[in-house]
Amino acid sequence: MNKVLSVEALHKYYGAKPAVAGISFEVGRNEIVGLLGPNGAGKTTTINMILGVLQPTTGTIRIEGRDLATDRSRALACTNFTAVYATLPGNLTVYQNLRILGMIYDVKQLSSRIEELLVQFDLKAFRNVKCGLLSSGEQTRVQLAKALLNRPHLLLLDEPTASLDPSAARDIRATIREFTVRDSVGVLWTSHNMYEVQDVCDRALFLSHGKILLEGDPKTLPREHGKVSLEELFITVAREPLTLGAG
Ligand code: ATP
């Protein structure tokens, strides 16, 4: 498979304490990989290192084969993200937000790219509405439009459906799946919703105390470990990681 992200032996220490303790994984084109784990497992720290916001203590991150440490701007040019905690300025309209971020990303033919995204995310009616006035579902659609402005090959989605009702969340999952295949994107997706992970992810990584304890197809992983559901497996991994495999 064509790898868009390769992470090797990644560590992040805060003082003597490891937040990420030597993880290695890959994400392919057309692949949605779920990054799961209890609160404090190291998911956001991992995502922030891949985004170049946090410096790893040791380890290597390659995006499309480009080493983030030595070829940062080219590696990040084909990357983007959404996160519930990184909201767009609420006093700017949808169009103004997309325009300013598009200029920051140096998007070619920006006006036509924005028009395409307004159609794709059903945002035409909101183009001149201030982002602060939008519902959570509408704001998520704007965030996704923003994340696709630079036609990324790697997309990091930190709990993209966290504040959405089940119907809006289902629509967003369908939209993300659609553009993952159509634009050949690799997606790393964090979520605490196990139903969602089974529905949308091709592969899941279970992180606990900064280490990957399990990896596999979220539809078959529970059975492989003698559990009836992904939620039960998650709780076992979170509470008693050493008992895994005992069935
Ligand atoms: P959640 O699901 O709650 O968002 P998470 O898996 O994203 O959790 P992280 O935010 O990556 O977890 O945190 C991993 C560990 O690193 C936690 O123990 C956290 O307290 C610690 N940590 C994160 N940032 C810092 C920091 N700046 N200084 C010290 N410790 C930190």
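As numbered in my numbering, the sequence shown has no gaps in its residue numbers, which increase by one up to the final residue, 250.
Note that CB positions come from ideal geometry on N, CA and C, so glycine has one too.
Alpha carbon of residue i to alpha carbon of residue j, nearest angstrom
i, j, result
"N100", "S166", "21 Å"
"N209", "A172", "Looking at the sequence provided, one finds Phe at residue 209 rather than Asn. Cα to Cα, the separation comes out at about 22 Å."
"Y16", "D220", "30 Å"
"G37", "S194", "7 Å"
"V203", "I175", "11 Å"
"T60", "R69", "19 Å"
"H156", "R32", "7 Å"
"T73", "K111", "25 Å"
"S232", "T96", "43 Å"
"T143", "E118", "17 Å"
"G93", "L136", "7 Å"
"K6", "T178", "22 Å"
"G43", "E243", "15 Å"
"G250", "E234", "Reliability of the predicted coordinates at G250 is poor, the pLDDT of 44 falling under 50, and no value is obtained from them."
"V145", "S115", "16 Å"
"D125", "L113", "18 Å"
"C134", "R75", "30 Å"
Check whether residue i and residue j have beta carbons under 8 Å apart
i, j, result
"A241", "D161", "no"
"D186", "I35", "no"
"L54", "G189", "no"
"P41", "S211", "yes"
"I66", "C81", "yes"
"V30", "L191", "yes"
"E199", "T164", "yes"
Item to check | Any residue whose CB is nearer than 6 Å to a heavy atom belonging to ligand 1, listed in chain order | outcome: Y17, A22, G40, N42, G43, A44, G45, K46, T47, T48
Next on the checklist: Using a Cβ distance threshold of 8 Å, determine whether the region 44–53 contacts the region 16–32, with at least three qualifying pairs required.
Outcome noted: yes
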